Structures are given as C-alpha cells and as structure tokens.
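Engineer:
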Amino acid sequence: MTDQQNTAATEEAAPQFSLQRIYVRDLSFEAPKSPAIFRQQWEPSVALDLNTRQKALEDDFHEVVLTLSVTVKNGDEVAFIAEVQQAGIFLIKNLDAASMSHTLGAFCPNILFPYARETLDSLVTRGSFPALMLAPVNFDALYAQELQRMQEEGGATVQ
Numbered sequence: 001m002t003d004q005q006n007t008a009a010t011e012e013a014a015p016q017f018s019l020q021r022i023y024v025r026d027l028s029f030e031a032p033k034s035p036a037i038f039r040q041q042w043e044p045s046v047a048l049d050l051n052t053r054q055k056a057l058e059d060d061f062h063e064v065v066l067t068l069s070v071t072v073k074n075g076d077e078v079a080f081i082a083e084v085q086q087a088g089i090f091l092i093k094n095l096d097a098a099s100m101s102h103t104l105g106a107f108c109p110n111i112l113f114p115y116a117r118e119t120l121d122s123l124v125t126r127g128s129f130p131a132l133m134l135a136p137v138n139f140d141a142l143y144a145q146e147l148q149r150m151q152e153e154g155g156a157t158v159q
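For reference, each letter of the sequence shown is one residue, going 1 to 159 in full-length UniProt numbering.
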C-alpha cells in the first residue's frame, strides 16, 4: 500500500462524530388553573423528569431524543406542566460498543440539553409564568449511575 492508501484506510477506521440536525420532536404546555393561578401568591415547587432514548437510523446515523417534563405547583395546585422532546440526528462511526453506548447515553444528551432548556424557558415565559432556569445536568454522572444500577440488577451491560 502507498502512504496515501494507508492514510485513507486509517481515516476510514478512525472514530467519527458529526451533528447532523437538532429539532423539536414534541412540545406541550398546559396551565390548568389559569387565570386564577396568576392572582395567587407565587411560591412554586418544581419537579423535573428527564429521560433519553436513542434509535439507530440507516447507515451510521442515530437519533437521540432528550425529554424534559416539568410540573410546577403553587401550593397544592398545578400551575403548569411543560414538556419538550428535543431530538438530534448524529453521524457516529467506528466506535466500540462501550464508547458508542457512552456517546449515545451521555455525550449526545449533553449537546441537546441547552436547546431543550431554552425551549422550555421560552415556552413557560410565553405562558406568562416566571422564567424557568433549569440547572445544568451532568449526563456523564447519570450515565455512570445507570451503568452501576444495571450491573447490580443482574450483571447486564448497556447496549
């Protein structure tokens, strides 16, 4: 093989990662107690539910969906419920199974989170509620916790 062929073969086998598209897959907002909720003293409690899922598409493309669901209560009453499914299409090549799992389970959600957070904040302020500034999430730590939980449950490995 020539040096040029060796270089081409090495580049083909090298890990590749490329963001193809970021988009909102689903979005919802409900304020069941409005307009009465706006006339009450505002003392909110926030519950955040976070979930990720991934799906292999054709070739080396993968869709990752990050779902953020927020329920805000004022006292015992639900002030609003907001949910966004922020999705991305990623081209990922030449990774071993463990690296692929980590990339889909932690790295891609880290990329999607700022977009989901901004979308939720915008949605909530359009509903005439105070800005919802979610704290950053450590997806690497969540991924490690999930790996540990799965190993404790039965020695299974993440695929």
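Even for Gly, the Cβ is constructed at its ideal location relative to N, Cα and C. Remember, it's a predicted structure, so these values are computed and weren't measured experimentally.
Can Ala-116 and Leu-68 be called in contact, C-beta distance under 7 Å?
Structural biologist: Yes; because the gap between Cβ atoms is below 7 Å, this pair is in contact.
Engineer: Please state whether DSSP places Asp-49 in a helix, a strand or coil.
Structural biologist: The answer is strand: DSSP assigns Asp-49 an E or B state.
Engineer: In the DSSP assignment, find the unbroken alpha helix (DSSP H) run with Asp-140 in it and report its ends.
Structural biologist: Unbroken alpha helix (DSSP H) run through Asp-140: 139 to 154.
Engineer: In the stretch 63 to 150, which residue ranges form an unbroken alpha helix (DSSP H) of at least 4 residues, counting only runs that do not cross its ends?
Structural biologist: The qualifying runs are 97 to 102 and 108 to 126.
Engineer: Would you tell me roughly how many angstroms separate the C-alpha atoms of Ala-32 and Ala-47, rounded to the nearest one?
Structural biologist: Looking at the sequence shown, residue 32 is not Ala but Pro. Going by the C-alpha atoms only, they are around 16 Å apart.
Engineer: Could you compute how far the alpha carbon of residue 162 sits from the alpha carbon of His-102?
Structural biologist: Since the first residue shown for the chain is 1 and the last is 159, residue 162 is missing from the structure and cannot be characterised.
Engineer: Report, in whole angstroms, the separation of the C-beta atoms of Val-70 and Leu-132, which I expect to be a contact under 8 Å.
Structural biologist: Val-70 to Leu-132, Cβ: 7 Å. Contact.
Engineer: In three-state terms, what does DSSP make of Ala-14?
Structural biologist: Note: Ala-14 maps to coil in three-state DSSP.
Engineer: Across which residues does DSSP place Phe-29 in a beta bridge pair?
Structural biologist: Per DSSP, Ala-82.
Engineer: Apply the 10 Å Cβ neighbour rule to Ala-13 and answer buried if 16 or more other Cβ atoms are within range, or exposed otherwise.
Structural biologist: Classification for Ala-13: exposed.
Engineer: So, at 6 Å on beta carbons, what are the nonlocal neighbours of Leu-66 in its own chain, with the 5 sequence-adjacent residues on each side left out?
Structural biologist: Within the same chain, Leu-66 has close Cβ partners Thr-52, Gln-86, Pro-109, Leu-112 and Ala-116.
Engineer: Give the straight-line distance between the Cα atoms of Pro-15 and Pro-114, rounded to the nearest whole angstrom.
Structural biologist: Rounded to whole angstroms, Pro-15 to Pro-114 spans 25 Å at the Cα level.
Engineer: For Ile-81 and Phe-29, I'd like the C-alpha separation in whole angstroms.
Structural biologist: Looking at the two C-alpha atoms, the distance is approximately 6 Å.
Engineer: Nearest-angstrom Cα distance between Ala-135 and Val-24?
Structural biologist: The straight-line gap from Cα to Cα measures roughly 20 Å.
Engineer: Using the C-alpha atoms, what's the distance from Asp-121 back to Leu-91?
Structural biologist: Those two C-alpha atoms are separated by around 29 Å.
Engineer: Roughly how far, in whole angstroms, is the beta-carbon of Glu-43 from the beta-carbon of Gly-75, given that I think they are within contact range, below 8 Å?
Structural biologist: About 7 Å; that satisfies the 8 Å criterion.
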